[in-house]
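Residue numbers (my numbering), protein chains in the order written: chain C, 1 to 217; chain X, 1 to 240.
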């Protein structure tokens, strides 16, 4: 398994996929819809898949002495690794905004969503949807990626819009808590986001393995 | 004893059907797989490697079905596909450094020997290689892990006559070591020079699969070369 991940990292990946991890730092931006940072990370992954397609990566991988489902596993491991790295950057931003920067006026007067644990749950949900819609869709053909990415874009921007609007709805202000306010709720929301990410990714992985086994390269 | 058996292989596309393809490969023999463009050679080869999902038939390697043993089987099989360019912007040495990790039996000495024989520069990228040199790079990967079977899709395509001769000599050397070589071609002189067996495919069907001497005895007319015989057979299929 390490070999197929190493191949993904050294041969298949576009440098943009690594560079776009830095968009996780958008969680520091005030007055900006922070979840767009998660979307930009997936944009880097999309570019990476295009780069790999031009290099005949899928056929090359399928010829290596591994089972076909290991090719799928390699792609999922790579994507989850990039997502995990950007989530770490987002977590750093969230922790700083919860502690040292908790009372910074620039964040307190922010009309948009606060980068708290709930926002991190939102990023996890976005990544889960990317894995479900884009990755799962890509493995229907192991070639066409435009359509699944467009579907993902539509879904993700509706989701970002909904999550941004949530704390303006009376009674739901708590999701935009600052510092350690409503910490129990924030933590619970984060765990729900993590569970959603895991479930969506696992469902997509199983479907992708099934689909990839049947297609002709 | 056959180490690869293809039996009743069938694959249907909207405009082409591969029908009841059956043949066997043996250790220490070179088998030429001949047919014109679009006859079904690549589909057959891709099916043998599970790149194409057949609609019917069985493929077995080393006495057991391929299904469920892909990783193990591919450790023992070398595959090369013509002029396809893998990772065109990566250096050859970087591609090889990843590929070698996958093979338990990677043979560094053989790799260096073929690198030298094919006159390949490790610091070049595939996009800097000519079509013939791309073929050689793909062959290099197939030949460097002690494969017991080589499955090569048009390995002589794009090669100059000298390189072609060198490659056919490599086949003969590997045959002596007990390796089964299976290569597709549409150049009959490749068969004349080194093949022990011929598998002839036309319009998705195997028309002949037998030792070269038997093929000549059965199908050749007086004074005909192998090329003349195959051309005549092909015309016959088209007129049928």
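We treat Cβ as the ideally placed atom computed from N, Cα and C, and that holds for glycine.
Neighbour list for residue i in chain X, Cβ cutoff strictly below 8 Å
| i | result |
| --- | --- |
| residue 216/C | 46, 51, 52 and 53 |
Run of the beta strand (DSSP E) containing residue i, from where it starts to where it stops
| i | result |
| --- | --- |
| residue 19/X | 16-26 |
| residue 13/C | Element bounds for residue 13/C: n/a, residue is neither H nor E. |
| residue 185/X | 180-185 |
| residue 9/X | 2-13 |
| residue 210/X | 205-211 |
| residue 134/C | Element bounds for residue 134/C: n/a, residue is neither H nor E. |
| residue 61/X | 56-61 |
| residue 30/X | 30-34 |
| residue 201/X | 197-202 |
| residue 80/X | 77-81 |
| residue 190/X | No beta strand (DSSP E) holds residue 190/X; the alpha helix (DSSP H) holding it covers 188-194. |
| residue 103/C | Premise fails: residue 103/C is in no beta strand (DSSP E) and is neither H nor E. |
| residue 149/X | 149-153 |
CB contact check: residue i to chain X, cutoff 9 Å
| i | result |
| --- | --- |
| residue 62/C | yes |
| residue 11/C | yes |
| residue 3/C | yes |
| residue 59/C | yes |
| residue 83/C | no |
| residue 213/C | yes |
Below-9 Å beta-carbon distance, residue i vs any chain C residue
| i | result |
| --- | --- |
| residue 32/X | no |
| residue 85/X | yes |
| residue 94/X | yes |
| residue 81/X | yes |
| residue 3/X | no |
| residue 21/X | no |
Proximal residues of chain X, C-beta to C-beta of residue i below 9 Å
| i | result |
| --- | --- |
| residue 65/C | 70, 71, 72, 73, 74, 75, 76, 77, 102, 103, 104 and 145 |
Closer than 8 Å at the beta carbon, the chain C residues around residue i
| i | result |
| --- | --- |
| residue 88/X | 54 and 55 |
Partners in chain C for residue i, counting only beta-carbon separations shorter than 7 Å
| i | result |
| --- | --- |
| residue 98/X | 6, 7, 10 and 11 |
Host alpha helix (DSSP H) of residue i (start-end)
| i | result |
| --- | --- |
| residue 151/C | 146-166 |
| residue 57/C | 57-63 |
| residue 212/C | 183-214 |
| residue 94/C | 68-98 |
| residue 95/X | 92-102 |
| residue 46/X | 41-48 |
Proximity test, residue i beta-carbon vs the ligand HEM heavy atom, cut-off 8 Å
| i | result |
| --- | --- |
| residue 214/C | The model on display carries no ligand, and the ligand HEM is accordingly not part of it. |
Cutoff 9 Å: residue i Cβ touching any chain A Cβ
| i | result |
| --- | --- |
| residue 68/C | Reference to chain A is not applicable here, since the protein chains of this structure are C and X. |
Rounded distance between the beta-carbons of residue j and residue i, thought under 8 Å
| i | j | result |
| --- | --- | --- |
| residue 128/C | residue 35/C | Contact flag wrong, Cβ pair sits at about 13 Å. |
| residue 193/X | residue 168/X | 5 Å |
| residue 220/C | residue 136/C | Residue 220/C is absent from the model: chain C starts at 1 and stops at 217. |
| residue 21/C | residue 80/C | The pair is not a contact, with the Cβ atoms about 13 Å apart (cut-off 8 Å). |
| residue 35/X | residue 189/X | Actually they are not in contact, since the Cβ atoms of residue 35/X and residue 189/X sit about 15 Å apart, beyond 8 Å. |
| residue 145/C | residue 50/C | 7 Å |
| residue 118/C | residue 189/C | 5 Å |
| residue 25/X | residue 149/X | 7 Å |
| residue 33/C | residue 113/C | 7 Å |
| residue 172/X | residue 164/X | At roughly 13 Å, the Cβ-Cβ gap does not stay under 8 Å, so residue 172/X and residue 164/X are not in contact. |
| residue 45/C | residue 17/C | 6 Å |
| residue 209/X | residue 27/X | Not a contact, Cβ separation roughly 17 Å. |
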